[in-house]
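Chains as they are written, first to last, in this note's numbering: chain A, 1 to 117; chain B, 1001 to 1110. Just so you know, even glycine gets a beta-carbon here, dropped at the ideal spot from N, CA and C. Just so it is clear, the structure is predicted and the values come from calculations on it, not from any experiment. Remarks on the structure that follows.
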């Protein structure tokens, strides 16, 4: 089973709202990722967690706040977003950090479609 | 990680083999070739990856040239559900992520 589950599938939020995206995997993977994908563009990395610790932040604005409460869960807290933040947010996981083992594979969830109004 | 070059789009007739090329002429010895696909409005789906040898699984075959400067993903009997953007990614893992390029839009025609 290579399943990464993301909720909600669709989210509409106002610019003053606080909301969260959730991601869960039960594959025993110890690295988890958030990617962002704008329309007709490839996915772009936002954050990497390795063993529940934030290891990469790709200069993401502070209105996006990631959290890894345990090895199976990854959250993305959203606050004071802008309309240009509307995108597909993808969660992914791999057995360990991509840099630790060659040939590691990343598995993606179906994504959460976010619309900021 | 080495850059990849893929055609922007390709068509394939349903039931025929789809052969998707990828050029990675600057690949280094420890870099793997990965293929993912993304069906409209869904997350990227892992297809296959390899280092030097050709690989096959239930979804596809990956053919890597002997000099490793290019590869081909083969879907043996394409169906309409194989219509998607296919991404070829080269990575050693040193960047600690997979970096997606523009990919190839494969359209399977009835």
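| request: Could you tell me whether the Cβ of residue 108 of chain A comes closer than 8 Å to any Cβ of chain B? | output: yes
| task | Go through its chain and collect everything with a Cβ distance to residue 1027 of chain B's Cβ below 8 Å, but skip five positions before and after it. | result | 1002, 1033, 1068, 1069, 1090
| field | Close beta carbons around residue 76 of chain A, own chain, < 7 Å, minus the five adjacent residues each side | value | 20, 21, 34, 64, 66, 89
| Cβ separation of residue 1044 of chain B and residue 1087 of chain B, assumed to be a contact under 8 Å, to the nearest whole Å | 7 Å
| query | Could you give the residue range of the beta strand (DSSP E) that holds residue 36 of chain A? | reply | 31-37
| Are the C-beta of residue 103 of chain A and some C-beta of chain B separated by less than 8 Å? | yes
| field | CB-CB length for residue 11 of chain A against residue 86 of chain A, believed under 8 Å | value | Between residue 86 of chain A and residue 11 of chain A the Cβ distance is about 10 Å, and since that is not below 8 Å, they are no contact.
| Would you report the Cα separation of residue 1007 of chain B and residue 45 of chain A, rounded to the nearest angstrom? | 23 Å
| Could you check where the beta strand (DSSP E) with residue 1033 of chain B kicks off and where it finishes? | 1032-1038
| Along the region 30-47 of chain A, what residues have a CB closer than 9 Å to any CB found in chain B? | 31, 33, 35, 37, 41, 42, 43, 44, 45
| message | Checking 8 Å against the spacing of the C-beta atoms, do residue 1060 of chain B and residue 1075 of chain B come in under that value? | response | yes
| Is there a Cβ from chain A that is less than 8 Å from the Cβ of residue 1096 of chain B? | yes
| message | Using CA atoms only, rank isn't needed, just tell me which of B:1108, B:1101, B:1013 is closest to residue 1084 of chain B. | response | B:1108
| How would you label residue 1058 of chain B, buried or exposed, when you count the other beta carbons within 10 angstroms and need 16 or more for buried? | exposed
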